[in-house]
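So the structure is just underneath, and the comments pick up after that.
Residue numbers (our numbering): 1142 to 1373.
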């Protein structure tokens, strides 16, 4: 489970990829250090409206939809590279991935735990090179699982790398080896895929709240007791 999201523009929810917008829980930055239960519906409605309106506006301005033959060929090559005989099946590897993240990327973790998890992920990633993927009259289920496994391994690796970099405990991110909040960690960690297909982590300093939002925060009544309240 990841509490991150895509970096998007605040008004249009544009991802930086031409024609691609984000809405709902996939958009990062809403929750701060924690995730508020029950916010997902509000995210879908409010941010879905922004993304939808921006997509409509873009579509109305288009007179033609160019298609990159190079991109299409890359997609075909990607699919073809998966379809082959091998000694490994995707489903058991998916279960293995779940176990790795359960043991090494759980609610409370530490540096050694996560480093071991990354080592196991590297072995698992290497194993996926020998996947058995075949197409038959029943459909493309093998191929679907292969793509899902590849994406899940990347997501798992990004989660552990970012959790290693954030050397503190804050909100829902809890490290038993670094249990205190670190003021120097008031940053967002961003994961990008470089030209060599490797994940890179960078830090982005969080800008101060605008005056309007800061006033709302300052005027919020603090809850001194949770007695008798139902917490999710």
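Backbone N, C-alpha and C fix where the C-beta goes; we use that ideal spot for every residue, glycine too.
Taking the C-alpha atoms as reference points, what is the distance between residue i and residue j?
i, j, result
"residue 1291", "residue 1283", "12 Å"
"residue 1248", "residue 1368", "25 Å"
"residue 1274", "residue 1299", "26 Å"
"residue 1186", "residue 1192", "10 Å"
"residue 1270", "residue 1150", "36 Å"
"residue 1237", "residue 1339", "22 Å"
"residue 1320", "residue 1335", "32 Å"
"residue 1215", "residue 1222", "10 Å"
"residue 1324", "residue 1276", "53 Å"
"residue 1225", "residue 1239", "25 Å"
"residue 1243", "residue 1313", "16 Å"
"residue 1190", "residue 1202", "19 Å"
"residue 1183", "residue 1166", "10 Å"
"residue 1220", "residue 1256", "31 Å"
So, is residue i buried or exposed, given that buried needs 16 or more other C-beta atoms within 10 angstroms?
i, result
"residue 1234", "buried"
"residue 1254", "buried"
"residue 1245", "buried"
"residue 1241", "buried"
"residue 1250", "buried"
"residue 1211", "exposed"
"residue 1294", "buried"
"residue 1272", "buried"
Taking 6 Å as the limit between beta carbons, can you name the residues of its chain near residue i, skipping five residues before and five after?
i, result
"residue 1153", "1195"
"residue 1322", "1309, 1311"
"residue 1259", "1301"
"residue 1163", "1147, 1149, 1154, 1156"
How close, in whole Å, do the beta carbons of residue i and residue j come, if the pair is a contact with beta carbons under 8 Å?
i, j, result
"residue 1301", "residue 1252", "11 Å between Cβ atoms; not a contact."
"residue 1316", "residue 1330", "No, residue 1316 and residue 1330 are not in contact; Cβ-Cβ is about 14 Å, not under 8 Å."
"residue 1371", "residue 1358", "About 24 Å; that fails the 8 Å criterion."
"residue 1347", "residue 1362", "At roughly 24 Å, the Cβ-Cβ gap does not stay under 8 Å, so residue 1347 and residue 1362 are not in contact."
"residue 1262", "residue 1297", "6 Å"
"residue 1160", "residue 1199", "7 Å"
"residue 1168", "residue 1188", "6 Å"
Enumerate in chain order the residues of its own chain whose CB-to-CB distance from residue i is below 8 Å, with the five nearest sequence positions on each side excluded.
i, result
"residue 1303", "1145, 1330, 1332, 1342"
Just to confirm, does residue i get its C-beta within under 7 Å of one of the non-hydrogen atoms of the ligand HEM?
i, result
"residue 1249", "Looking at this structure, you won't find the ligand HEM or any other ligand, since it has none at all."
Between which residues of its own chain and residue i is the CB-CB distance below 7 Å, once the five residues before and five after are set aside?
i, result
"residue 1268", "1229, 1234"
"residue 1318", "1251, 1252"
Inset, instruction - Entirely within the stretch 1302-1339 and at least 3 residues each: give me those beta strand (DSSP E) ranges in chain order. - result: 1328-1334
Legend entry - alpha helix (DSSP H) runs contained entirely in the stretch 1155-1240, provided each spans 4 or more residues: 1181-1202, 1210-1223
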